[in-house]
Amino acid sequence: MIWDYIAANYEENQPILAAQLRKASGVPSNNLRQNLKFLTDKGKLKRFDNGVYYIPGRSRLKSGAALSPSRVAEAKYIMQDGCVCGYYAGLKFANMLGITTQVPNVVEIVSNNASAKLRTVEMRGIRILLRKTRAVITSENYLALQFLDMLNTAEAYSELSEDRLYSLLKEYIKKTGITSGMISNYIGAFPDRVARILIEKRLFNVFA
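Encoded structure:
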């Protein structure tokens, strides 16, 4: 039964994407839909959204622990089957880096799974600005692509002095181990100003 597969491969409050489950389990679509409905009716699963389920965790609340929309967004657009397929960008990533204290109202994500160049997705109170990637994102190149993407808007989002901003970015390069080879492979996919920043701020000298 599909439940045995789910119980063995998913934790409580972990997003279960029906499309992924079908591929991994080999259960035909019609049978899978019937099984998921049965498990939901029995209370073993909860439906978060169309095609998204989860095993409810223990909670004092009668309705059980809720699934985080952020985890669903990451499962759909950032990490699938253990492989990176997207990354945070824009103000969200600037905040993660510490170059701004602003908390974004809209979370920007660049993903292989974006069906359009740019679209907004609503997910249980979270608005996601989903952008199509300039190059196919993999576990090996996402750090380089994310860094180049961020350089395009870093000064616009930064609350730091210019010297402190680029000092922080140099520290980030060293910490992540981004190489000049990675950058050279993808710099052509980004606006010319990104290359100018790399040269003028001597960031190329920092790459491994």
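Under our numbering, the first residue of the sequence shown is numbered 1, with each subsequent residue one higher. We treat Cβ as the ideally placed atom computed from N, Cα and C, and that holds for glycine.
**Request:** Could you check the C-alpha separation between Ala-189 and Ile-109 for me, to the nearest Å?
**Result:** Translated into positions along the sequence shown, residue 189 becomes position 189. Translated into positions along the sequence shown, residue 109 becomes position 109. One C-alpha to the other measures close to 17 Å.
**Message:** Which of the three DSSP states is assigned to Phe-38 in this structure?
**Reply:** On the sequence shown, residue 38 is found 38 positions in, with the first residue counted as 1. DSSP places Phe-38 in helix when its eight states are reduced to three.
**Message:** Is the beta carbon of Asn-113 closer than 8 Å to that of Tyr-77?
**Reply:** Counting from one through the sequence shown, the residue named residue 77 turns up at place 77. Counting from one through the sequence shown, the residue named residue 113 turns up at place 113. Their beta carbons are under 8 Å apart, which means Tyr-77 touches Asn-113 by this criterion.
**Asked** What's the C-alpha gap between Asn-35 and Leu-45?
**Response** Working through the sequence shown from its first residue, we reach residue 35 at position 35. Working through the sequence shown from its first residue, we reach residue 45 at position 45. Rounded to whole angstroms, the separation of the alpha carbons of Leu-45 and Asn-35 is 10 Å.
**Message:** On the CB-based measure, 16 or more other CB atoms within 10 Å of its CB, does Thr-101 come out buried or exposed?
**Reply:** As a working note, residue 101 is residue 101 in the sequence shown. Around the Cβ of Thr-101, a 10 Å sphere holds fewer than 16 other Cβ atoms; the residue is exposed.
**Message:** Do Leu-143 and Leu-176 count as a contact pair if the criterion is CB distance below 8 Å?
**Reply:** Here residue 176 refers to the residue found at position 176 of the sequence shown. Here residue 143 refers to the residue found at position 143 of the sequence shown. Here residue 176 is Thr; the residue named in the question, Leu, does not match the sequence. Yes, the pair counts as a contact, with Cβ atoms nearer than the cut-off.
**Other residues of its chain near Asp-149: CB distance less than 6 Å, five sequence neighbours each side excluded** = Here residue 149 is taken as the residue at index 149 of the sequence shown, counted from 1. Apart from the 5 residues on each side of it in sequence, Asp-149 sits with its Cβ closer than 6 Å to the Cβ of Ala-89 in its chain, given in chain order.
**Request:** Going by DSSP, name the residue or residues bridged to Ser-111.
**Result:** Against the sequence shown, residue 111 aligns to sequence position 111. The partner list for Ser-111 (beta bridge, DSSP) reads Gly-86, Lys-132.
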